[in-house]
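Q: Mapping of the sequence shown onto mature numbering (1 follows the signal peptide of the UniProt record, and there is no 0): residues -23 to -1, 1 to 286, in sequence order.
Positions of the beta carbon are idealized from the N, C-alpha and C atoms, including for glycine.
Here it is, the structure, as structure tokens.
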Amino acid sequence: MIWWQWASKWLLVPRPLCWDVEGLRGPWRAVTLPLARRALEGMFRKLNHLLERLHQSFFLYLLPALSRFVSIGLYVPAAGFLLLVLVLKISSARLLPPAAGRRPRHPRGMGLASLVAPLLISQAMGLALYVLPVLGQHVATQHFPVAEAEAVVLTLLAIYAAGLALPHNTHRVVSSQATDRGWMALKLVALIYLALQLACITLTNFSLGFLLAATMVPAAALTEPCGPRPLYAALLVLTSPAATLLGSLFLWRELQEVPLSLAEGWQLFLTALAQGVLDHHAYGALLFPLLALGLYPCWLLFWNVLFWK
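Now the structure itself:
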């Protein structure tokens, strides 16, 4: 008899997997191959049923409109490749050799101070964006003829726009300590910061992580102080969190076949900002603190890299 015929007959006969199962399993019966096969089949059936329930709940879909949807199998690999771009940029920045024939103008020990100031100022701007609009709404209504909701939104926009002056304020602190490769170290920190945030967002909210990666990764990879600075500045502004929200509102109404004018789009944008702050303070929604304390300071780091002196 051929050996594989004997093996197949042996496997088809129900027999214990272990000859001494009583000492291991006590009063339970021996585990046979058909029983293990049925258990494995039941496990896969349960997983398939769970996957069908998730698909029915639209958890794994990006739904831009009621008439169309995008499956997770399409946009999650794309988000993974976008995050791979950040990983490659981080690796290339770490492995980049020093320029031949050039020495830093200042000691290496001073490089850390040139990174601390942009990081602290960026996070302080994000904290101000998160705290001041709500704390200052009563003061704004006393001095200006606006409602409380309008005061919150206008304070948000004012602090957000004030972040554009961050490089000028930062370089007053680090002008005597910055090295030639200081912007490269700052960009490395910003790339790691952005990659960690997008990875965490993608694991919890697939569609939001993909949309943020599709807008922020190209600008983050291209930003540097040398080259066509006006082009990079325009790209950074267009891919900032506020511009992404504004563009998403216009795209959303286009998909609904109800196009917006510029004035209507701006009013809808202000309403979305006020609604985001209200949802956070009333219902605990995390989108507003994520943008204010995470993505906005990270975007400011790239803005600082672009205007590095």
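I need the boundaries of the alpha helix (DSSP H) containing A176, first residue and last residue.
A: As a first step, residue 176 is located in the sequence shown; it is residue number 199 there, counting from the start. 159 to 181 is the extent of the alpha helix (DSSP H) around A176.
Q: So which of A70, N281, L268, K23 has the shortest CA-CA distance to L175?
A: Reading the sequence shown from its first residue, position 198 is the one you call residue 175. Taking only the C-alpha atoms, the option nearest L175 is L268.
Q: Would you mind reading off the limits of the alpha helix (DSSP H) that contains F279?
A: Residue mapping note: residue 279 aligns to position 302 of the sequence shown, counting from 1. Per DSSP, F279 belongs to the alpha helix (DSSP H) from 273 to 283.
Q: In angstroms with no decimal places, state the Cα-to-Cα distance between G253 and R206.
A: Residue 253 sits at position 276 when you count from the first residue of the sequence shown. Residue 206 sits at position 229 when you count from the first residue of the sequence shown. Straight-line Cα distance between these residues: approximately 33 angstroms.
Q: Taking only three categories from DSSP, how would you classify S225?
A: Here residue 225 corresponds to residue number 248 of the sequence shown, with the count starting at 1. Helix.
Q: Whose C-alpha, out of F187, A198, A126, A117, is nearest the C-alpha of residue 309?
A: The first residue shown for the chain is -23 and the last is 286, placing residue 309 beyond what the model contains.
Q: Can you find at least 3 beta carbon pairs, one from the stretch 238 to 258 and one from the stretch 190 to 197, that sit closer than 8 angstroms?
A: The answer is no - the stretch 190 to 197 does not touch the stretch 238 to 258, with fewer than three Cβ pairs under 8 angstroms.
Q: Which residue's Cα is closest to the Cα of L141: G103, L222, M161, H115?
A: In the sequence shown, counting from the first residue as 1, residue 141 sits at position 164. Checking every option, the nearest Cα to that of L141 belongs to G103.
Q: Can you tell me whether P54 is buried or exposed? The criterion is at least 16 other CB atoms within 10 Å of its CB, across all chains shown.
A: Numbered from 1 along the sequence shown, position 77 holds the residue referred to as residue 54. Classification of P54: exposed, given that the 10 Å Cβ count is below 16.
Q: Using 8 angstroms as the cut-off, can you tell me whether the stretch 164 to 171 makes contact with the stretch 261 to 278, which would need three or more C-beta pairs spanning the two stretches below that distance?
A: Contact between the stretch 164 to 171 and the stretch 261 to 278 is present, because at least three Cβ pairs lie under 8 angstroms.
Q: Kindly list the residues whose CB is nearer than 7 angstroms to the CB of L213, restricted to its own chain and excluding five residues on each side of it in sequence; keep chain order.
A: To locate residue 213, count along the sequence shown from 1; it is residue 236. So the qualifying residues of the chain are A196, T200, F279, W280, L283.
Q: Taking only the alpha-carbon atoms, compute the straight-line gap between L133 and T216 and give it to the nearest angstrom.
A: As a working note, residue 133 is residue 156 in the sequence shown. As a working note, residue 216 is residue 239 in the sequence shown. Each residue's Cα considered, the two are about 18 angstroms apart.
Q: Answer with buried or exposed for P236, where buried requires no fewer than 16 other C-beta atoms within 10 angstroms of its C-beta.
A: Numbered from its first residue, the sequence shown carries residue 236 at position 259. Exposed, since its Cβ has fewer than 16 Cβ neighbours within 10 Å.
Q: When DSSP labels each residue in this structure, what does V47 get in the three-state scheme?
A: As a first step, residue 47 is located in the sequence shown; it is residue number 70 there, counting from the start. Residue state, collapsed to three classes: strand.
Q: To the nearest angstrom, report how far apart M20 and P11 are at their CA atoms.
A: Residue numbering aside, residue 20 sits at position 43 when the sequence shown is read from its first letter. Residue numbering aside, residue 11 sits at position 34 when the sequence shown is read from its first letter. So the alpha carbons of these two residues sit roughly 14 angstroms apart.
Q: In angstroms with no decimal places, state the Cα-to-Cα distance between G242 and A219.
A: Numbered from its first residue, the sequence shown carries residue 242 at position 265. Numbered from its first residue, the sequence shown carries residue 219 at position 242. Using only the alpha carbons, I get a separation of about 13 angstroms.
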